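In this text, residue positions in the sequence shown follow this note's numbering: the first is 4, and each later residue adds one. Where is the CB? At the ideal position from N, CA and C, for every residue including glycine. Keep in mind that this is a model prediction, so the values were computed, not measured. Have a look at the structure below, then the notes.
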Amino acid sequence: MNIKNYLESIDIDFTESGSNVGKNSVNIRCPFPGCDDPSTHLGVDIEKGFFNCWACGESGTIVKLIKNLEQITWSEAKEKAGSADYTRDNDLLDFINETLKLPKDSKIVTDVTIKLQDNFLPITNQTSNKLLLRYLKQRKINLPLAIKYNLHYCKSKDYSQRLIFPIYEENTIVGFTSRDTTSISKIKHKHPKGFQIKNYLYGLNQFNNDILFITEGCVDTIRLENIAVGIFGKSLSDKQEEKLISAYMNNRFKSIAVLLDEDAFESALEIKQRLSNFGIEVKVIQLPKGKDPADLGKKRIEELEKNESFF
Ligand SMILES: [Zn+2]
């Protein structure tokens, strides 16, 4: 497949030169859910067919990229890519580590902890911000839950009128993401540039249950209290997969139920297949049309898991 011709054929703008563009690569805007970076931070190696986004950390083969650019199934994307040419192999890591140069304006955070900003305020029973309280009420997040997950909000600057979700690794905050509470901002979800959010699972520090429910977002995870973790979107990254396997090996849970929004059934089946390879029992739960896990709440989701259709 000629990747440049392909991108042109589906009307995707790309940059071929500049300090952020690696050798044999073009850069495009990242199509992955949860990555709202509007600049061209996703590099595609047009010879090897690998990609990597410096803003959110998504990476993989051209097949995964095509699937997400066009919102089609794996098999359709494979067919478009010409599967024989672009299968995953060890070159991928080399590509990520060496071929692409780090853009000047972004920091890659690996071991360094991103601190919550000084202007972030923790939610307490004194919190009186009306927009924020309305948003929490709409999403059915009560005060004890907001406090349990250490939610913050922000009144000024970059994260103004946003609900802040600290992200933990073990018991340390390693970064955060945020959600607009006004429904005016074009950018719904926002996290610090260069923070590789897809290296983490949301809510694993609070998780405590025999069945681990995988959800898309922070709100879903919080609403399910201590039985879920969030993957910041519809796809499971390799790092997130590693973290789930290691939690399983440490007896943190016995089985998994994949609980993505109704439009992500294909992704859910793919996650099931990947995790089943490690001998974990995995179910995919189909949600009623138009409902997300946060609408239903913990009790109803546990009933679904026991009684209703799954795959
Ligand atoms: Zn991205």
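Exposed or buried, residue i, counting other C-beta atoms within 10 Å across all chains shown (16 or more means buried)?
{"i": "K7", "result": "exposed"}
{"i": "P291", "result": "exposed"}
{"i": "R137", "result": "exposed"}
{"i": "D48", "result": "buried"}
{"i": "P41", "result": "exposed"}
{"i": "T185", "result": "exposed"}
{"i": "F43", "result": "Residue identity differs from the one stated: residue 43 is Thr in this sequence, not Phe. Under this definition T43 is a buried residue."}
{"i": "P147", "result": "exposed"}
{"i": "R303", "result": "exposed"}
{"i": "N71", "result": "buried"}
{"i": "K107", "result": "Residue confidence is low: K107 scores 38 on pLDDT, short of 50, so the model does not pin down where it sits. Its coordinate-derived value is still stated next. K107 should be labelled exposed."}
{"i": "D16", "result": "exposed"}
{"i": "E273", "result": "buried"}
{"i": "D264", "result": "buried"}
Looking at the secondary structure, which residues open and close the beta strand (DSSP E) in which residue i lies?
{"i": "T127", "result": "Counting along the chain, T127 falls outside any beta strand (DSSP E), and DSSP gives it neither H nor E."}
{"i": "S181", "result": "175-183"}
{"i": "Y9", "result": "Counting along the chain, Y9 falls outside any beta strand (DSSP E), though it belongs to the alpha helix (DSSP H) covering 6-12."}
{"i": "P169", "result": "165-172"}
{"i": "N55", "result": "53-56"}
{"i": "D298", "result": "Where D298 is concerned, there is no enclosing beta strand (DSSP E), although the alpha helix (DSSP H) it sits in stretches over 296-310."}
Could you give the residue range of the alpha helix (DSSP H) that holds residue i?
{"i": "K242", "result": "241-252"}
{"i": "L148", "result": "146-151"}
{"i": "E269", "result": "268-279"}
One question on the structure: do residue i and residue j come within less than 9 Å of each other, judged by their Cβ atoms?
{"i": "N30", "j": "G21", "result": "yes"}
{"i": "A231", "j": "F198", "result": "no"}
{"i": "E245", "j": "G233", "result": "no"}
{"i": "I167", "j": "T180", "result": "yes"}
{"i": "I217", "j": "S258", "result": "no"}
{"i": "K242", "j": "V261", "result": "no"}
Chain-ordered residues, beta carbon under 6 Å from a heavy atom of ligand 1 | C33, F35, C38, D40, L45, C56, A58, C59, E61
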